[in-house]
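Colleague: Residue numbers (my numbering), protein chains in the order written: chain P, 1 to 161; chain C, 162 to 734. Ideal Cβ positions, reconstructed from N, Cα and C, are used throughout, including at glycine. None of the values given here were measured: they were computed from a predicted structure. Below is one structure. I have some questions about it.
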Amino acid sequence: MKHTISALVENRAGVLARIAGLFSGRGFNIDSLAVGETLDPTVSRMTIVVRGDDRILEQVCKQLNKLIDVVKVLDFTGKEFVGRELLLIKVSCTDENRLDVASVVDIFRGRIVDLNPKSATVEITGDEAKIEGFLRMLRPFGIKEVVRTGRIAMARQIEKK
Amino acid sequence: MKGCEIVIEALKKENVDVIFGYPGGAIMEVFDIFYQSPIRVILTRHEQAAAHAADGYARASGKVGVCVATSGPGATNLVTGIATAYMDSIPIVAITGQVPTAMIGNDAFQEADIIGITRPITKHNFLVRDVDDLPRVIKEAFYIASSGRPGPVVIDLPKDVQQASTEEKCPDSVEIRGYRPTYRGHIRQIKKVAEAIAKAEKPVIYAGGGVIISGAHKELRELAEKAGIPVTTTLLGIGGFPEDHELSLQMLGMHGTRYANYAMVETDLIIAIGARFDDRVTGKLSEFAPNARIVHIDIDPTAISKNVAVDVPVVGDVKTVLKELNKIVGEKSHPAWLAKIKEWKKEFPLSYETGGGMIRPQFVVEKICEVAGGDAVIATEVGQNQMWAAQFYTYTQPRSFLSSGGLGTMGYGFPAAIGAQVARPEAVVFDIAGDGSIQMNIQELATVVINELPVNIAILNNQFLGMVRQWQELFYDRRYASTCLARRKECPKICNEPKPGCPGYSPDFVKVAEAYGALGLRVEKEKDVVPALKEAIASPKPVVIDFVVEREENVFPMVPAGASLSQMMGGMA
């Protein structure tokens, strides 16, 4: 099962290596990891999607908490949250089917951000179900390349300090 | 003040009066200040020994141990010692020199990314790039090393940072927003523990190194006596509960006593205190404690429900939690349960075969206990010597047994004994060693001779890497691959029958001792064991006693790796 964890960490050199090392050293699998500064420039937020059962998830959260550079860990499992991912997709299209591609992109509220005679580059954001659906619809045209940011997430409620 | 001076000022402020170290190009600035400072510098002969000595010092005293080494190879030589301390939750601070900041990453001479290397084996580590951060970093390092679940911390100091000046002063307090260990257990959970104890008919306390780290031996004894609960300890928990107490089951696990392991199988309530359900303790997990509810008191939340699902977790400092628990736990006795344990003790005591003319290693350990007495500090190497030292010596005091439990580091015992002797100059200190492991840090004989540290080394010399040989005997059809230390070129390719005509052993430990200026004794007969031990203790010199023992003696009882605790093999029973 996939779980989304959000960790507030010190914005310092070496912190990413600490967290990546923790996952590899303890045999946890990361599906995706996204990092960025928060409103407080001394703190970064890492959104980590991890696979495993409840026991593994519990260990992941505890082990993250144990790192000195980790200020706070939030586990979104079973909680209300907004999860989004940004993708850039290069899809084949020709004069014959360019309009078909454009209409799929339109339906999913994506954007064509670059176009040339043989392909289109599409930008899309969304939750996992939408992204999966979009990729399924584009696949018949021929997807050449996908670049994903990994999921970022935010709780629907205001975080308690 | 220059960075190197800050180091010494900060160490003084942390009440450090001794460090173990080895100089080199990238740490010369710091040693230059040590040269004229009141802090005692014990120069080891290998950086690994400096790390182990700092660890032994910490275990014997309860204070933070400090080791200092140079960049590159100096730092990497510390690694085994740091990992040893990490696995056993020992507070040490390791200060390493580093190449100047401008050269970091350029593969400079004696450069190693020691921060990257030690990240998974430290509680935390710091690369100090700005001298203004240094006073705060040292304060944080000592705080992190010694608080919560203790552990090693590395401070990596580039040479230019040691030379640079700062106006910053060493702070008095420390505040780390990502690190706030929980000391007080949740009172509702503690009440649940008391309730579980009230309901249990066959409870057992399983106490680990946390009892010693937290200084909770008195509280543990009070709990055991008040609620009438027998106590078994892990290897690291040895000394946390007096082994001559009628409620003591001594050590459990792979080479634990039969009665401790049988109690773990039969019990209806395990109260785990500062222990972590290591695989050497639990045996086969699916068959571990089949009938028991499990209470787990530990300061480290990650230790709880890691290997074994826990029914009543209590996160907190062992001593603080036990104090609260002792207030509310009911007085109780379990006559039927204790009678059963007494029966097991009578039927399956720790024992060994006698006769055959050769000294039995277990006999040597028993005699060390008799002659050195309850106040001695025993360090061990790793392997058979370690298990016999755990089994056949009766420990009654905390911080009297120093052993690498988690990492199982051969070569740990002798330098750890050095650290213990420095911490407790008046104590009788023994390193119980094997002839294999003593050679992993034997160069430290120079350190003990020169510093006049009267450490005693008892080598249980069976000319084998005994524990591996034992596994080969039991599980590999007696194929003694690379475990016979007497083996020479002329030996047959396959040899599993050591006999009197075997080639001579190297080295001659007595001559080695003498070459270094220590006293060397060789003991080949049982009757000479006690006189040699007495001579060693009386001698102001460091002493090496080469006990020539039965070659193929095994450590029993034994739970084979991966088997259930109920499947014990060997021993007299």
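Report yes or no: is there a C-beta of chain C within less than 8 Å of the C-beta of D53(P)?
Modeller: For the purposes of this step, residue 53(P) is taken as residue 53 along the first sequence, with counting starting at 1. False, the Cβ-Cβ gap to chain C never drops below 8 Å.
Colleague: DSSP three-state call for L74(P): helix, strand or coil?
Modeller: Counting from one through the first sequence, the residue named residue 74(P) turns up at place 74. In this structure, L74(P) counts as strand in the three-state DSSP scheme.
Colleague: Would you say A17(P) faces chain C, with C-beta separation under 8 Å as the test?
Modeller: Taking the first sequence and counting its residues from 1, the one referred to as residue 17(P) is at position 17. At least one chain C Cβ lies under 8 Å of A17(P).
Colleague: My output table needs one value for G182(C): the three-state DSSP class, helix, strand or coil.
Modeller: As a position in the second sequence, residue 182(C) is number 21, starting the count at 1. Strand, per DSSP.
Colleague: Does any CB atom of chain P fall closer than 8 Å to the CB of Y196(C)?
Modeller: Taking the first residue of the second sequence as position 1, residue 196(C) is located at position 35. It does not: the Cβ of Y196(C) has no partner Cβ on chain P nearer than 8 Å.
Colleague: Which partner residues does V720(C) have in the DSSP bridge list?
Modeller: On the second sequence, residue 720(C) is found 559 positions in, with the first residue counted as 1. In DSSP, V720(C) forms no bridge with anything.
Colleague: Whose Cβ in chain C lies nearer than 7 Å to the Cβ of I68(P)?
Modeller: Locating residue 68(P) in the first sequence gives position 68, counting from the first residue. Simply H285, I305, I337, G339, Y340.
Colleague: Going by C-alpha distance, which of I620(C), V191(C), P653(C) is nearest V709(C)?
Modeller: As a position in the second sequence, residue 709(C) is number 548, starting the count at 1. Cα-wise, what sits closest to V709(C) is I620(C).
Colleague: By DSSP, does D669(C) sit in helix, in strand, or in coil?
Modeller: Residue 669(C) sits at position 508 when you count from the first residue of the second sequence. DSSP places D669(C) in coil when its eight states are reduced to three.
Colleague: Return the residues of the stretch 465-488 of chain C that lie within a Cβ-Cβ distance of less than 9 Å from chain P, sorted by chain order.
Modeller: Listed by position along the chain: I465, S466, K467, A470.
Colleague: Threshold first: 3 residues or longer. Then list the beta strand (DSSP E) segments lying entirely within the stretch 59-130 of chain P, N to C.
Modeller: Fully enclosed beta strand (DSSP E) runs of 3 or longer: 70-75, 81-92, 111-116, 119-126.
Colleague: Using a beta-carbon distance cut-off of less than 7 Å, what residues from the stretch 72-94 of chain P approach chain C?
Modeller: Listed by position, the residues of the stretch 72-94 of chain P near chain C (Cβ gap below 7 Å) amount to none.
Colleague: Less than 7 Å between C-beta atoms, sequence neighbours within five positions excluded: which residues of the same chain meet that for S375(C)?
Modeller: Here residue 375(C) corresponds to residue number 214 of the second sequence, with the count starting at 1. The residues are G435, D478, V479, K480.
Colleague: Cβ atoms of I253(C) and K294(C): under 8 Å apart, would you say?
Modeller: Residue 294(C) sits at position 133 when you count from the first residue of the second sequence. Residue 253(C) sits at position 92 when you count from the first residue of the second sequence. It is worth fixing the name first, because residue 294(C) is Asp in this sequence and not Lys. Taking 8 Å as the Cβ cut-off, D294(C) and I253(C) do not qualify as a contacting pair.
Colleague: Around the C-beta of N546(C), are 16 or more other C-beta atoms found within 10 angstroms, so that it is buried, or is it exposed?
Modeller: What you label residue 546(C) is simply residue 385 of the second sequence in a count that begins at 1. The residue is buried, with at least 16 neighbouring Cβ atoms inside 10 Å.
Colleague: Give me the chain P residues within the contact set of G369(C), using Cβ-Cβ distance strictly less than 7 Å, ordered along the chain.
Modeller: Numbered from its first residue, the second sequence carries residue 369(C) at position 208. Simply none; closest approach about 18 Å.
Colleague: For A530(C), report the span of its alpha helix (DSSP H) as first-last.
Modeller: Here residue 530(C) refers to the residue found at position 369 when the second sequence is read from its first residue. Here the sequence assigns Cys to residue 530(C), which means Ala is not the residue at that position. Where C530(C) is concerned, the enclosing alpha helix (DSSP H) stretches over 522-533.
Colleague: In chain order, what residues of the same chain have a beta carbon less than 7 Å from the beta carbon of P184(C), not counting five sequence neighbours either side?
Modeller: By 1-based counting over the second sequence, the position of residue 184(C) is 23. Counting only Cβ-Cβ distances below 7 Å, and skipping sequence neighbours, we find F192, T231.
Colleague: For A212(C), which option in S494(C), K507(C), A577(C), V179(C) has the closest C-alpha, if you only look at C-alpha atoms?
Modeller: As a working mapping, residue 212(C) is identified with position 51 in the second sequence. Measuring from the Cα of A212(C), the nearest candidate turns out to be A577(C).
Colleague: Could you name the residues that DSSP lists as bridge partners for I48(P)?
Modeller: In the first sequence, residue 48(P) corresponds to position 48, counting from 1. Answer is I5(P), L33(P), bridged to I48(P).
Colleague: Would you mind sorting V525(C) into buried or exposed? The rule is 16 or more other CB atoms within 10 Å of its CB.
Modeller: As a first step, residue 525(C) must be located in the second sequence, where it is residue number 364. The residue is buried, with at least 16 neighbouring Cβ atoms inside 10 Å.
Colleague: Under 9 Å between beta-carbons, which chain P residues line up against G277(C)? List them in chain order, please.
Modeller: Position 116 of the second sequence, counted from the start, is the residue given in the question as residue 277(C). Within chain P, the residues near G277(C) are G14, A17, G21.
Colleague: Below 8 Å, how does it come out for the stretch 123-140 of chain P and the stretch 78-85 of chain P: are there three or more Cβ pairs, yes or no?
Modeller: Touching, yes, given that three or more Cβ pairs across the two stretches are closer than 8 Å.
Colleague: Name, please, each residue of chain P whose Cβ falls closer than 7 Å to the Cβ of T463(C).
Modeller: Residue 463(C) sits at position 302 when you count from the first residue of the second sequence. Going along chain P in sequence order, the residues near T463(C) (Cβ under 7 Å) are Q59, K62, Q63, K66.
Colleague: If we cut at 8 Å on Cβ distances, does E10(P) have a partner in chain C?
Modeller: Within the first sequence, residue 10(P) is the residue found at index 10, counting from 1. Chain C contact via Cβ: present.
Colleague: Would you check if the distance between the CB atom of I316(C) and the CB atom of A302(C) is smaller than 8 Å?
Modeller: Within the second sequence, the letter at position 155 stands for residue 316(C). Within the second sequence, the letter at position 141 stands for residue 302(C). It is a contact, given that the beta carbons lie within the stated cut-off.
Colleague: How would you list, in chain order, the residues of chain P whose beta-carbon sits under 7 Å from the beta-carbon of P281(C)?
Modeller: Position 120 of the second sequence, counted from the start, is the residue given in the question as residue 281(C). Within 7 Å Cβ-Cβ: G21, G25.
Colleague: Below 6 Å CB to CB, which residues in the same chain sit around M137(P) once its five sequence neighbours on both sides are set aside?
Modeller: Taking the first residue of the first sequence as position 1, residue 137(P) is located at position 137. So the qualifying residues of the chain are V104.
Colleague: Identify every residue that forms a DSSP beta bridge with K163(C).
Modeller: Taking the second sequence and counting its residues from 1, the one referred to as residue 163(C) is at position 2. DSSP, once it has assigned bridges, lists S326(C) as partnering K163(C).
Colleague: Within the same chain, show all residues whose beta-carbon is closer than 7 Å to that of V298(C), passing over the 5 residues directly before and after it, in chain order.
Modeller: Looking up residue 298(C) in the second sequence gives position 137. The answer, listed in chain order, is F287, V289, I316.
Colleague: Quick one: is N116(P) buried, meaning 16 or more other Cβ sit within 10 Å of its Cβ, or exposed?
Modeller: Numbered from its first residue, the first sequence carries residue 116(P) at position 116. The residue is exposed, with fewer than 16 neighbouring Cβ atoms inside 10 Å.
Colleague: Based on the DSSP output, what are the partners of E145(P) in its beta bridges?
Modeller: Position 145 of the first sequence, counting from 1, holds the residue named residue 145(P). Its beta-bridge partners are K90(P).
Colleague: Would a C-beta distance cut-off of 8 Å place I432(C) and M412(C) closer than the cut-off?
Modeller: Your numbering for residue 432(C) matches position 271 in the second sequence. Your numbering for residue 412(C) matches position 251 in the second sequence. No, Cβ-Cβ distance for I432(C) and M412(C) is not below 8 Å.
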